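Working notes, structure below.
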Amino acid sequence: MQAERALELVLPWPSKDLSPNARVHWRRKAEATALGRQLAAVRAYEAGWKGAKLPPGRLHLWLDFYQAPGKALPDDDNMIRRFKPYRDGIAQVLGIDDRRFVIHPYVHDERRKGGQVVVRITGGPAAAGESTKGERA
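What follows is the structure, encoded as structure tokens:
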């Protein structure tokens with residue numbers, strides 16, 4: 006992947022059962038987690054992300070959250086937690102450890118039917134705050 010080229014994927018709104026504020030039975034949360042991870046992996050695979058050439062080091066993971074009409078806007082830290090199974094599924098398809106991601110969440114005021122998450126991955130030295138020579142910026 007070249008530094009200027011981004012991988013982009015659109016995913017459905019994450020399950021409310023994945024919210025850190027949800028008071029659900031552990032099995033229900035585990036099922037939502039497994040379903041989210043599988044869904045993201047399938048979508049990433051279908052988008053051709055398997056075998057994508059990625060630069061070494063850290064990768065920017067840009068997350069644009071669009072809530073459904075008529076629903077309250079969540080805060081970004083809640084959405085990061087709800088997104089975790091998606092993140093794991095994407096990392097699985099890319100064949101990387103998800104620790105490489107530097108997350109940039111943004112909860113938009115704009116509403117989209119059903120809600121959605123637009124995921125973009127960019128990379129290169131800037132993702133780690135490093136210069137092209139490897140020292141910290």
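Mapped onto this note's numbering, the consecutive letters of the sequence shown carry residue numbers 6 to 142. Glycine residues also receive a C-beta, built at the ideal position from the N, C-alpha and C atoms. Because the structure is a prediction, the values reported are computed rather than measured.
Check whether the Cβ atoms of residue i and residue j lie closer than 8 Å to each other.
i: Gly119; j: Trp18; result: yes
i: Leu66; j: His109; result: yes
i: Ala68; j: Leu99; result: With the sequence shown as reference, residue 68 is identified as Leu, and Ala is not the correct amino acid for it. Their beta carbons are not under 8 Å apart, which means Leu68 does not touch Leu99 by this criterion.
i: Gln97; j: Ala46; result: yes
i: Ala73; j: Arg116; result: yes
i: Leu16; j: Trp54; result: no
i: Phe70; j: Val29; result: no
i: Leu14; j: Arg48; result: yes
Just how far apart, CA to CA, sit residue i and residue j?
i: Leu23; j: Ala52; result: 24 Å
i: Glu140; j: Val107; result: Unreliable placement is indicated for Glu140, whose pLDDT of 44 sits below 50; the coordinate value is still reported in the next sentence. Glu140 and Val107: Cα-Cα distance of roughly 18 Å.
i: Arg86; j: Pro79; result: 11 Å
Tell me which residue opens and which closes the beta strand (DSSP E) that residue i is part of.
i: Leu44; result: Where Leu44 is concerned, there is no enclosing beta strand (DSSP E), although the alpha helix (DSSP H) it sits in stretches over Trp31 to Glu51.
i: Ala69; result: It should be pointed out that residue 69 corresponds to Asp in this sequence rather than to Ala. Taken as a continuous stretch (DSSP letters only), the beta strand (DSSP E) holding Asp69 covers Leu64 to Tyr71.
i: Pro17; result: Leu12 to Pro17
What span of residues does the alpha helix (DSSP H) with residue i cover, start to end?
i: Arg86; result: Asp81 to Leu99
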